[in-house]
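Here's the structure we're looking at; comments come further down.
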Amino acid sequence: MNSEHEARFCEFVAARQHALLRTAYLLTSDHHAAEDLVQTALAKAYLSWHKLREPAAADRYVRRIMVNENTSLWRRAWKRNEHATEHLPERAVAADATHEVDTRDELWALVQTLPPRQRAAVVLRYYEDLSEADTAAALGCSVGNVKSQTSRAIAALRGRTEHAATHVTGGTR
Amino acid sequence: MTHDIDQDLRQALHRRAATTPHRPDLARAVIRHAHTIQRRRRVTGFVTALALVAVAVPLGIRAGDLTSRSSEQPQIADTPDPEPSGVTVQIGDLGELAEDQVPQVAYLEDSTLVVGEDRIQLGLEPAQVAGVAYAGGSAFFAVRGDTGGLDLRVESNAADWPDSLGPIQQGPWASADQRYVAWLRDGQIAGIDTETGDELAVSVGAVDLLRVVGFAGDTLYFAEDRSRDVLRRWTIGSESTGPVGGLEQGTAVSPDATLVADMVKVTDYGTCTEMRDMTTGDSLWETCDYRVLGFSPGGTYVWGADSYGDGFAESYNVVLDARTGELAMRIDRPRRASETTFFMDSAFETEDTLLLLLLRGQQATIARCDVLAGECTRATPVADVPGDPLVDGLPFRLLSG
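The listed protein sequences derive, respectively, from chains A and B. Sequential numbering from 1 applies to the first sequence in our numbering. Sequential numbering from 174 applies to the second sequence in our numbering.
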């Protein structure tokens, strides 16, 4: 890489690293894992910097590597029998039914149980506010698939939050 | 809680993201990390080469023999630019490629499917076309609706089909002999025989996305694109799918279903692929330099790319002998050009010619590379790319099926 490209890369990292770290944290739930993910994605972007013509392309590229890399990590974990699940687990409900449930904490806890591509779709659509087309580009799939991944994730989240709320408020059993 | 889960979800994510601590500038650490990756690739490649020489020299064995005979787990040796033994052609300025005849297989030019003299108008913007398959003289194509769903439509100058075959999840895919078409719909793979018009389906459960790696005759080879990549096969008309055993991750099946490329190792730095005989399961050869992405119609060659793929076009393509793994041709970009040539997609046109969809700057074309002649020509005019290729699509598209 020549010095001009390296300078552009450093500018890009300075401008975008914190935003990338935030997204990576939402994908991994762990600050150290998020930093590893961002560093790896940026290092791979550095090695492929010749492919990128403008900052927007670099952003899309790094985001795509992050999502792919995170999914690969998840797949490797699966092969080591650290199975995540397609089905949201039953979560312990506070014994005190009058305990006020913080919906947002509840939602975040449930987001962490989503399969990685559904979770990525949710993070890109609801946190990054990407369009469906841009989300599809980041995930490397069709817009229709983004739709289905997102709607499945939302349906699962809605189902679980309603389930939890029903139990907490002592509603229908 | 509110019933507006969208709003709650946005707030939940933003609140969580705000807990991310600020870090000092990562750029220098990242560049060091990148150089470590590069060094590790080179050292691994060097050590592997030394090991090969150390074993091969006393035994008087050629490196190619060793590669095909080794039963050891292959080592990642993905130097970014493995030394080719075949011809290397560099493609820079697309306009400098010699003009040649148009592709002799079906391809998409804007929204027109071109098959020799036959031109089938799809009547859509390129970005609306999510996928195209050509079979039975007809164009089967998935159209993106405003809500993101896909509708499978058919246009034909030769046969009488309903305009729409209904909503689908993914596809369509055409068989190598262009007789069958398949697609994913509501947890089922459906397939149609264009000669009889019979539509048959098999349930594959609640899958979002399939990774189709081959369609040989009436048999589709696919994997679920999620946790585990077990390669499966479905023969149109049979009531169930079956696994293709003994593979890690199949990436391509030959059109006669005798060979399968199996990605046996994946790391942060690259991949290793073995070519296997589908009948005996024997490994014919292995490479940690390239991924194998498709076969020629008769199974003589495969085309591939760098062993590390990031899903953002390829930096170069190679053609390998399918039976030995020997490099027959490498199509690359000039190292010090002002603009980079991107290899967006490839597909064999004949047994010896590979078509490559190329993007350089805001221009695109389809090139033809002749493996025997060792040269590349231009099979379409050079067309301007007005928008973002990832979002708006390209003016040309190759049909892999």
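Even for Gly, the Cβ is constructed at its ideal location relative to N, Cα and C.
Out of curiosity, what's the CA-to-CA distance linking L27(A) and A41(A)? When rounded, the distance between both Cα atoms is 13 Å.
Using 9 Å as the limit for Cβ to Cβ distance, is H199(A) near chain B? Examination of residue 199(A) is not possible in this model, given that chain A is present from 1 through 173 alone.
Tell me whether E106(A) sits in a helix, a strand or coil according to DSSP, three-state version. helix
Can you tell me which of the three DSSP states Q343(B) falls into? strand
Does F395(B) have its Cβ less than 9 Å from a Cβ in chain A? no
Hey, L529(B) and F516(B) are a contact pair by Cβ (cut 8 Å); roughly how many whole angstroms apart? 6 Å
Could you work out which residue in L47(A), A24(A) and V111(A) is closest to I210(B) when comparing CA atoms only? Nearest option by C-alpha distance: L47(A).
Look up M451(B) in the DSSP assignment and say whether it is helix, strand or coil. coil
Whose C-alpha, out of Q351(B), G344(B) and G268(B), is nearest the C-alpha of L357(B)? Ranking Q351(B), G344(B) and G268(B) by Cα distance to L357(B) puts G344(B) first.
Counting only Cβ pairs nearer than 8 Å, list the residues of chain A close to F313(B). Ordered by position in chain A, no residue passes the 8 Å Cβ test against F313(B), which lies about 16 Å from the chain.
With A478(B) and Y489(B) assumed to form a contact (beta carbons below 8 Å), what rounded beta-carbon distance in angstroms separates them? 7 Å
Going by the DSSP bridge assignment, what does S519(B) pair with across the sheet? L529(B), per the DSSP bridge assignment.
Give me the chain B residues within the contact set of R104(A), using Cβ-Cβ distance strictly less than 8 Å, ordered along the chain. D181, Q184, A185 and R188
Which residue from P335(B), S329(B), I341(B) and Y307(B) puts its Cα closest to that of R317(B)? Just measuring C-alpha positions, the residue of P335(B), S329(B), I341(B) and Y307(B) sitting nearest R317(B) is I341(B).
Rounded C-beta distance between H21(A) and V67(A)? I'm assuming under 8 Å. The sequence as given places Leu at residue 21(A); His does not occur at that position. No, L21(A) and V67(A) are not in contact; Cβ-Cβ is about 15 Å, not under 8 Å.
Say yes only if the C-beta of L21(A) is nearer than 8 Å to one or more non-hydrogen atoms of the ligand FAD, and no if none qualify. The model on display carries no ligand, and the ligand FAD is accordingly not part of it.
So, A363(B) versus Y307(B), is the Cβ gap smaller than 9 Å? no
Report the partner residues of Q294(B) according to the DSSP bridge assignment. T285(B), per the DSSP bridge assignment.
Nearest-angstrom Cα distance between H32(A) and L466(B)? 35 Å
Positions along the segment 350-375 of chain B whose CB lies within less than 8 Å of some CB in chain A: Of all residues in the segment 350-375 of chain B, none has a Cβ within less than 8 Å of some Cβ in chain A.
Run through chain B and tell me which residues come within less than 8 Å of N145(A), C-beta to C-beta. Under the 8 Å cutoff, chain B gives Q342, Q343, D381 and L382.
Counting only the same chain and skipping the five closest in sequence on each side, list residues whose C-beta sits under 8 Å from that of L531(B). I264, L267, T514, F515, F516, M517, A537, T538, I539 and A540
Just to make sure I have the definition right: I need the residues of chain B whose C-beta is within less than 8 Å of the C-beta of D134(A). Which are they? V564
So what does D435(B) bridge to, in DSSP terms? G423(B) and E447(B)
Helix, strand or coil: how does DSSP classify V262(B) here? strand
Option nearest T284(B) by Cα separation, candidates G419(B), T408(B), A430(B) and V305(B): Looking at the sequence itself, residue 284(B) is Ser, so the reference to Thr does not match. The option with the nearest alpha carbon to S284(B) is V305(B).
A303(B): contacting residues in chain A (beta-carbon distance under 8 Å): S142, V143 and G144
What does A15(A) reach in chain B if we use C-beta pairs closer than 7 Å? Those within 7 Å of A15(A) in chain B number zero; the least Cβ separation is about 10 Å.
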